[in-house]
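Only one structure is covered here, and it is reproduced in the block below.
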Amino acid sequence: MNIHEYQAKELLAKHGIGVPDGHLATSVAEAVAAAEKLPGPLYVVKAQIHAGGRGKGKFKELGPDAKGGVRLAHSVDEVREDAGEMLGHTLVTKQTGDEGKEVQRLYVTDGVDIAQEYYLALLVDRASGRPAMVVSTEGGMDIEAVAEETPEKIVTITIDPLAGFTEADGRRAAEALRLEGDLAEACGKLCADLYEAFVANDCAMLEINPLVETGDGELLVLDTKMSFDSNAEFRHPEWEALRDTSEEDPMELEASKYDLAYIKLDGNIGCMVNGAGLAMATMDIIKLNGAFPANFCDVGGGADKEKVAAAFRIILSDPAVEGMLVNIFGGIMRCDTIAEGIISAAKEVGISVPLVVRLEGTNVEKGKAILAESDLKVVPADDLGDAARKIVAEVNKAG
Ligand code: ADP
Ligand code: MG
Numbered sequence: 011m012n013i014h015e016y017q018a019k020e021l022l023a024k025h026g027i028g029v030p031d032g033h034l035a036t037s038v039a040e041a042v043a044a045a046e047k048l049p050g051p052l053y054v055v056k057a058q059i060h061a062g063g064r065g066k067g068k069f070k071e072l073g074p075d076a077k078g079g080v081r082l083a084h085s086v087d088e089v090r091e092d093a094g095e096m097l098g099h100t101l102v103t104k105q106t107g108d109e110g111k112e113v114q115r116l117y118v119t120d121g122v123d124i125a126q127e128y129y130l131a132l133l134v135d136r137a138s139g140r141p142a143m144v145v146s147t148e149g150g151m152d153i154e155a156v157a158e159e160t161p162e163k164i165v166t167i168t169i170d171p172l173a174g175f176t177e178a179d180g181r182r183a184a185e186a187l188r189l190e191g192d193l194a195e196a197c198g199k200l201c202a203d204l205y206e207a208f209v210a211n212d213c214a215m216l217e218i219n220p221l222v223e224t225g226d227g228e229l230l231v232l233d234t235k236m237s238f239d240s241n242a243e244f245r246h247p248e249w250e251a252l253r254d255t256s257e258e259d260p261m262e263l264e265a266s267k268y269d270l271a272y273i274k275l276d277g278n279i280g281c282m283v284n285g286a287g288l289a290m291a292t293m294d295i296i297k298l299n300g301a302f303p304a305n306f307c308d309v310g311g312g313a314d315k316e317k318v319a320a321a322f323r324i325i326l327s328d329p330a331v332e333g334m335l336v337n338i339f340g341g342i343m344r345c346d347t348i349a350e351g352i353i354s355a356a357k358e359v360g361i362s363v364p365l366v367v368r369l370e371g372t373n374v375e376k377g378k379a380i381l382a383e384s385d386l387k388v389v390p391a392d393d394l395g396d397a398a399r400k401i402v403a404e405v406n407k408a409g
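11 is the number of the first residue of the sequence shown in the numbering used here; add one for each residue after it.
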């Protein structure tokens, strides 16, 4: 789950981390009021969307020479003008895709006198199975490009989760950023505070780009992207209020209401499965047969009729779906229950594309018999390979 920059900065400030003052605005009047609360004379108006690269982004509705999604304003009047140009318009950045994202929120912040920009990120490193801090002197730049062209400028510090972020880790970070004296000390403290915020908020990633050294020798977080590990949702009731559903895929959002794991993909075969492993295997074998999954919807272990119906609806509401493969293993759930669920769901939703069903597990014969006896047009499959071959053939035939 991703949150906006202004929300992330509020969370960081609670951990004693320095961020420029700023206020949220959803209208031009609010943007002006926000600027009036700041000392000036330099303000920055920042589009709040769940994507980076805003500064270099372009607004679809404005000409190619118009300013981007992060704008320096030298007066309250300029803030008013910028807010008017940005709100309600579509910002296209390297990370939004061509369709861009409509700007509905602005963050109006203090303009900072920047002496130096750095890069810093905390993430969970799968290779070491530990949190890692990644730092670079090349702040404010596209870090992927830095990694490609000058990888030696990126330093990774692996953190021992039992020891936490140590003073030695802090010294390594300061050294990598070539900071000395008071700044090195401030850097060590900042890194420790960031690590504390990272852990306390169950972050999947916390990226600061840029971290800046100001003209008067202070370290400030100028931009940040924070994302949470959804597995920890149960212990963060406060996340609900931070969620911006307008940033989420509407079908993934609908699926989450039914506790279904739905992921949109690029192909034309919709997949209903139970269990993540089966989902991966199903997608692999579809690809092996020369087609691509349009999505997968994991109904989980204890799916009931309602869940199966919701999964059908969600999968079929995607116009890219030209065929559907149901691949379910009846472990705790019995295959006859699943078969009944499929029939009533398919009837309720009305299915106009070929449907291949592969059932395996408890009461499989009963389940197959129920499907065979129904008037639903189901192509039964015996195993995974058979199911994939059949759905690909059906889709090719229809197309
Ligand atoms: P994005 O990464 O989405 O482009 P940033 O917040 O990093 O957005 O802004 C892009 C650049 O704009 C920064 O690298 C920095 O140079 C400048 N900038 C951002 N915020 C401020 C600020 N408060 N004061 C001065 N310059 C800023
Ligand atoms: Mg940035």
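Where is the CB? At the ideal position from N, CA and C, for every residue including glycine.
For residue i, which residues from the same chain have a beta carbon less than 8 Å from its beta carbon, with the 5 sequence-adjacent residues on both sides left out?
i: His25; result: Asp203, Leu204, Glu206, Ala207, Ala210
i: Ala408; result: Glu332, Gly333, Val363, Pro364
i: Thr224; result: Val122, Asp123, Ile124, Ala125, Leu230
i: Asp226; result: Asp123
i: Met393; result: The sequence given here places Asp at residue 393; Met does not occur at that position. Excluding sequence neighbours, Asp393 sits near Arg368, Glu370.
i: Glu243; result: Met11, Trp249
Could you check which residue in the options has the C-alpha nearest to that of residue i?
i: Leu189; options: Thr147, His33, Gln105, Arg368; result: Thr147
i: Ala395; options: Ala57, Gly312, Glu127, Leu288; result: According to the sequence provided, residue 395 is Gly. The question's Ala does not apply to it. Nearest option by C-alpha distance: Leu288.
i: Ala131; options: Pro161, Val86, Cys201; result: Cys201
i: Gly28; options: Ser85, Pro49, His84, Cys197; result: Cys197
i: Leu298; options: Asp135, Thr166, Ala398, Leu369; result: Ala398
i: Met151; options: His246, Ile167, Leu221, Glu258; result: Leu221
i: Gly191; options: Val283, Glu228, Met236, Lys357; result: Glu228
i: Leu116; options: Thr166, Lys163, Gln17; result: Gln17
i: Thr372; options: Ser384, Gly340, Glu159, Glu217; result: Gly340
i: Glu91; options: Ser266, Ala39, Ile167, His246; result: Ala39
i: Gly94; options: Asp75, Thr106, Lys56, Lys66; result: Lys56
i: Glu127; options: Leu187, Met261, Lys68, Thr119; result: Leu187
i: Leu52; options: Pro74, Leu72, Arg181, Ala83; result: Ala83
i: Asp172; options: Gly139, Ala155, Cys281; result: With the sequence shown as reference, residue 172 is identified as Leu, and Asp is not the correct amino acid for it. It is Gly139 whose Cα lies nearest to the Cα of Leu172.
i: Phe175; options: Val165, Pro141, His33, Val86; result: Pro141
i: Leu72; options: Ala356, Leu48, Gly98; result: Gly98
i: Val89; options: Ala137, Lys235, Ala44, Glu217; result: Ala44
i: Asp233; options: Lys199, Asn219, Glu383, Leu252; result: Asn219
Does the distance from the CB of residue i to the CB of residue j come in under 8 Å?
i: Val113; j: Ile59; result: yes
i: Gly79; j: Met96; result: yes
i: Thr103; j: Gly149; result: no
i: Asp314; j: Gly285; result: no
i: Gly377; j: Cys345; result: yes
i: Glu257; j: Asn12; result: yes
i: Phe306; j: Ile273; result: yes
i: Lys317; j: Leu270; result: yes
i: Ile352; j: Leu326; result: no
i: Asp135; j: Thr168; result: yes
i: Ala319; j: Met282; result: no
i: Val86; j: Val42; result: yes
Among the residues of its own chain, which have a CB less than 6 Å from the CB of residue i, if the five just before and after it don't count?
i: Arg323; result: Val359
i: Val366; result: Leu335, Val389, Ala391, Ala397, Lys400, Ile401
i: Ala194; result: Ala184
i: His14; result: Gln58
i: Pro260; result: none
Skipping 5 residues on each side, what residues in its chain have a beta carbon closer than 7 Å to that of residue i?
i: Gly110; result: Lys70, Thr100, Leu101, Val102
>> Residues around ligand 2, please: the ones whose beta-carbon is closer than 6 Å to some heavy atom of it, in chain order.
In response: Ordered along the chain, the selected set is Gly62, Asn219, Asp233.
> Enumerated in chain order, which unbroken segments of the beta strand (DSSP E) with a length of 3 residues or greater are wholly contained in the segment 88-147?
Replying inline: Within the segment 88-147, the complete beta strand (DSSP E) runs of at least 3 residues are 100-102, 116-120, 124-135, 140-146.
> What are the complete alpha helix (DSSP H) segments, minimum 4 residues, inside the segment 257-328?
Replying inline: Runs of alpha helix (DSSP H) with 4 or more residues, each lying fully within the segment 257-328, are found at 260-267, 286-298, 315-326, listed in chain order.
> In the segment 166-214, which residue ranges form an unbroken alpha helix (DSSP H) of at least 4 residues, counting only runs that do not cross its ends?
Replying inline: Within the segment 166-214, the alpha helix (DSSP H) runs of at least 4 residues that lie entirely inside it are, in chain order, 177-186, 191-210.
>> Quick check on the DSSP output: what are the complete beta strand (DSSP E) runs of length 3 or more inside the segment 16-83, in order along the chain?
In response: Complete beta strand (DSSP E) runs here, min 3: 32-35, 53-57, 80-83.
> At what residue ranges does the segment 224-254 contain a whole run of the alpha helix (DSSP H), taking only runs of 4 or more?
Replying inline: Complete alpha helix (DSSP H) runs here, min 4: 249-252.
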